[in-house]
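Protein chains in written order, with my numbering: chain A, 1 to 378; chain B, 1001 to 1309.
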């Protein structure tokens, strides 16, 4: 009887264990598609043989992080911060986005707000949501006297397109100037965004319409306020998100060619025009390229796996500026030898093909904000 | 042992099965063609090709916030999808919600009212009668449903075509005042969208010159992104998905058919085999009652029958 009792208990426990194990086994076989991203500071630092130079400023979930020597440091709370850019004196311009409006702030490199540059909230007594404004993608000129940004003024009822505005660094937007003409063509496209001040003008992305009604992006250049400017890229390339190299002689951009792809493309830049395009990354959904301050490469955001959140990548400049091949030795004439008689040349050996340079994945489990520019300090 | 394992598995899938049975396999009564449909006799297809295993799904998307009562909602989005397994082709045709048509329930109205007057059956019958197609299945999803689906699959990657700015975006989800407005700014470029922001991207139409047509393009874009992400799902994900979606989706596709379609969806991997159609000008023109659109049926029907034989 006792043995039967123990057998029954054993079988009951076994059934319970097997049942629970089956449940847990199935639960564990779920795909990881909905796993929440890790906070940058919580992610395990990945040992890399390569460490990015300088300090990279990057945002996730509304918080600003610095990234240097392979480690992230959280500089602000998760409070709507995005799109940092460097000022000439070493601080940051950054956007603070609320539900109905966004403003530009100056912040030091430790995340302390120094001052607010715009006041885009609607007047307190206004009930019209259209009385609020957006400011995005702020950039300061090299002399530190002017701030460029995308700003949604003027507006016409439902038609809200952003324009490229400049304002004095120590002034207000009421003293600002509109550099682009977002309503010159057919409107309702989102307008002109992401300005980059360059010597002699400003580069930005203009969103415009194709004849079939679809909307495409074009890099644009204008040299004075109120002018229409000129296109730097063709409509078929559908380029956006420009970034200027430290030497201001190359531009990196994202081109989609009208498809659900996003290639990293670079081109020489000078005097308000760009040269031959060179595709650097064609097999990832690349966003927000930023040149290393020492010219050693380009950082960008992209999903590591298809349809996953965006991670930080770096591609060395060797990928797009390969070293020149070593000079081919020429046969020399042997002194005293028979002039004019070619010496037997050694059998030609093919030049070694350099291994293709691959991008380095710097993070693996984050959810970086791909609509936010990267700022990279030396 | 086997019985214990089976019971463990059953307890894993049972909640999902219960929810799934509530949402799927919906009975739909499609009324017989109304006399008015005779006015819209479809042009015979020049060479109807027999497409083995092909089927047509009508996707319906509705504002189902508290402004509306019960199931009497407008279908802000109506997309006909033709799936041809043999050639791995997908054709998506967005029907303008403002298209002025005879409804299967009688009278003429914007086509988005068909569901409001007679549910899924009326919406299907109205599309069938006016476009001369046969609809095999329908899937209806509400606002929260779209948000939950996208969140449940962990978000989607999209290259948003342009900044989508709307100063008067409906503030009608999770609010006591469904008639309020919000502002949205979905920035341009490659990005990972969660459910709320994906809904903003596909729902906003105020800041779009093409209004509903521009929105239709964005809806098709997001649908393709969802399909792409769904390829990574496994059967073990079904309980979590079903729990997340709850009753926010209705369809007449049975659970068995859903199971059969999952591997089918995963096998469609050529983006060039996906045809996207929007019935903008010259297929439609303004001037119809209540700001709606007249269809140029002489152009629409040959186009539709080319892709939806």
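Note that beta-carbon positions come from the ideal geometry of N, C-alpha and C, so glycine has one too.
Note down the Cα distance separating residue i from residue j, rounded to an integer number of angstroms.
i, j, result
"residue 1249 of chain B", "residue 1059 of chain B", "11 Å"
"residue 1139 of chain B", "residue 196 of chain A", "46 Å"
"residue 312 of chain A", "residue 1077 of chain B", "36 Å"
"residue 105 of chain A", "residue 1197 of chain B", "25 Å"
"residue 1203 of chain B", "residue 1122 of chain B", "23 Å"
"residue 1270 of chain B", "residue 1251 of chain B", "26 Å"
"residue 1220 of chain B", "residue 1092 of chain B", "7 Å"
"residue 320 of chain A", "residue 278 of chain A", "8 Å"
"residue 34 of chain A", "residue 1205 of chain B", "29 Å"
"residue 146 of chain A", "residue 189 of chain A", "27 Å"
"residue 1108 of chain B", "residue 162 of chain A", "40 Å"
"residue 1167 of chain B", "residue 153 of chain A", "12 Å"
"residue 1235 of chain B", "residue 15 of chain A", "24 Å"
"residue 1307 of chain B", "residue 157 of chain A", "39 Å"
"residue 82 of chain A", "residue 58 of chain A", "8 Å"
"residue 1224 of chain B", "residue 10 of chain A", "52 Å"
Excluding five sequence neighbours on each side, which residues of the same chain lie with their C-beta closer than 7 Å to the C-beta of residue i?
i, result
"residue 249 of chain A", "268, 269 and 270"
"residue 282 of chain A", "263"
"residue 272 of chain A", "200, 201, 221 and 223"
"residue 1033 of chain B", "A caution first: residue 1033 of chain B carries a pLDDT of 48, below 50, which makes its placement in the model too unreliable to give a value."
"residue 102 of chain A", "95, 96, 120, 134, 135 and 136"
Taking DSSP as the reference, what is the three-state secondary structure of residue i?
i, result
"residue 1088 of chain B", "coil"
"residue 285 of chain A", "strand"
"residue 325 of chain A", "coil"
"residue 21 of chain A", "helix"
"residue 179 of chain A", "coil"
"residue 362 of chain A", "coil"
"residue 134 of chain A", "coil"
"residue 189 of chain A", "coil"
"residue 117 of chain A", "coil"
"residue 260 of chain A", "coil"
"residue 1237 of chain B", "helix"
"residue 1076 of chain B", "strand"
"residue 97 of chain A", "strand"
"residue 1305 of chain B", "helix"
"residue 57 of chain A", "strand"
"residue 275 of chain A", "coil"
Thinking C-alpha only, which one of the options is nearest residue i?
i, options, result
"residue 1265 of chain B", "B:1061, B:1073 and B:1086", "B:1086"
"residue 1096 of chain B", "B:1071, B:1273, B:1243 and B:1127", "B:1127"
"residue 1157 of chain B", "B:1132, B:1192, B:1124 and B:1164", "B:1192"
"residue 1113 of chain B", "B:1071, B:1136 and B:1092", "B:1071"
"residue 64 of chain A", "A:39, A:43, A:53 and A:315", "A:39"
"residue 371 of chain A", "A:61, A:364 and A:91", "A:61"
"residue 180 of chain A", "A:170, A:172 and A:166", "A:166"
"residue 224 of chain A", "A:202, A:241, A:91 and A:213", "A:202"
"residue 133 of chain A", "A:118, A:144, A:139 and A:141", "A:118"
"residue 382 of chain A", "A:295, A:238 and A:19", "Residue 382 of chain A cannot be examined here, being either before or after the span of chain A that is shown, 1 to 378."
"residue 149 of chain A", "A:111, A:159, A:93 and A:187", "A:93"
"residue 110 of chain A", "A:97, A:86, A:208 and A:98", "A:86"
"residue 113 of chain A", "A:291, A:255 and A:79", "A:79"
"residue 1159 of chain B", "A:246, A:260 and A:218", "A:260"
Between residue i and the rest of its own chain, which residues show a CB-CB distance below 8 Å, the 5 nearest in sequence each way excluded?
i, result
"residue 1195 of chain B", "1146, 1147, 1148, 1149, 1150, 1151 and 1155"
"residue 100 of chain A", "121, 122, 129 and 132"
"residue 50 of chain A", "314 and 360"
"residue 1041 of chain B", "Its pLDDT being 34, under 50, residue 1041 of chain B is placed unreliably in this model, and the value from its coordinates should be taken loosely. Excluding positions up to five away in sequence, the list reads 1132."
"residue 1054 of chain B", "1082, 1083, 1084, 1085 and 1086"
Between residue i and chain D, is there a C-beta pair that is closer than 8 Å?
i, result
"residue 254 of chain A", "No chain D appears in the structure shown, which is made up of the protein chains A and B."
To which residues of the same chain is residue i closer than 6 Å at the C-beta, ignoring the five residues directly before and after it?
i, result
"residue 6 of chain A", "none"
"residue 297 of chain A", "314, 315, 316 and 317"
"residue 1200 of chain B", "1184 and 1186"
"residue 1144 of chain B", "1248"
"residue 1222 of chain B", "1198 and 1202"
"residue 1274 of chain B", "1090"
Compute the minimum distance between the beta carbon of residue i and the heavy atoms of the ligand ADP, and state whether it is under 7 Å.
i, result
"residue 110 of chain A", "In the structure shown, the ligand ADP is absent, as is every other ligand, since no ligand is present at all."
Give, in chain order, every residue of the stretch 197 to 216 of chain A whose Cβ lies closer than 8 Å to some Cβ of chain B.
-> 205, 207, 209, 213, 214, 215 and 216
Scan the stretch 359 to 374 of chain A for residues whose Cβ lies nearer than 7 Å to a Cβ of chain B and list them as they occur along the chain.
-> 367, 370 and 371
If contact means a Cβ-Cβ distance below 9 Å, which residues of the stretch 146 to 161 of chain A contact chain B?
-> 150, 152, 155, 157, 158, 159, 160 and 161
Contact list for the stretch 1187 to 1204 of chain B against chain A, Cβ threshold 9 Å = 1187, 1188, 1189, 1190, 1191 and 1192
Taking a cut of 7 Å between CB atoms, which residues from the stretch 111 to 132 of chain A lie near chain B?
-> 129, 130 and 132
Pull out every residue of the stretch 302 to 321 of chain A whose Cβ sits closer than 9 Å to any Cβ of chain B, in chain order.
-> 302, 303, 305, 306, 307, 308, 309 and 310
Going along the stretch 238 to 250 of chain A in order, which residues come within less than 7 Å of chain B, judged by CB to CB distance?
-> 240 and 241
Residues within the stretch 46 to 67 of chain A neighbouring chain B, beta-carbon criterion of under 7 Å = none
Got a sec: which bits of the stretch 164 to 189 of chain A sit with their beta carbon under 8 Å from any beta carbon on chain B, in order along the chain?
-> 186, 187, 188 and 189
The stretch 253 to 285 of chain A: positions lying closer than 8 Å to chain B by Cβ | 254, 256, 259, 260, 261, 262 and 285
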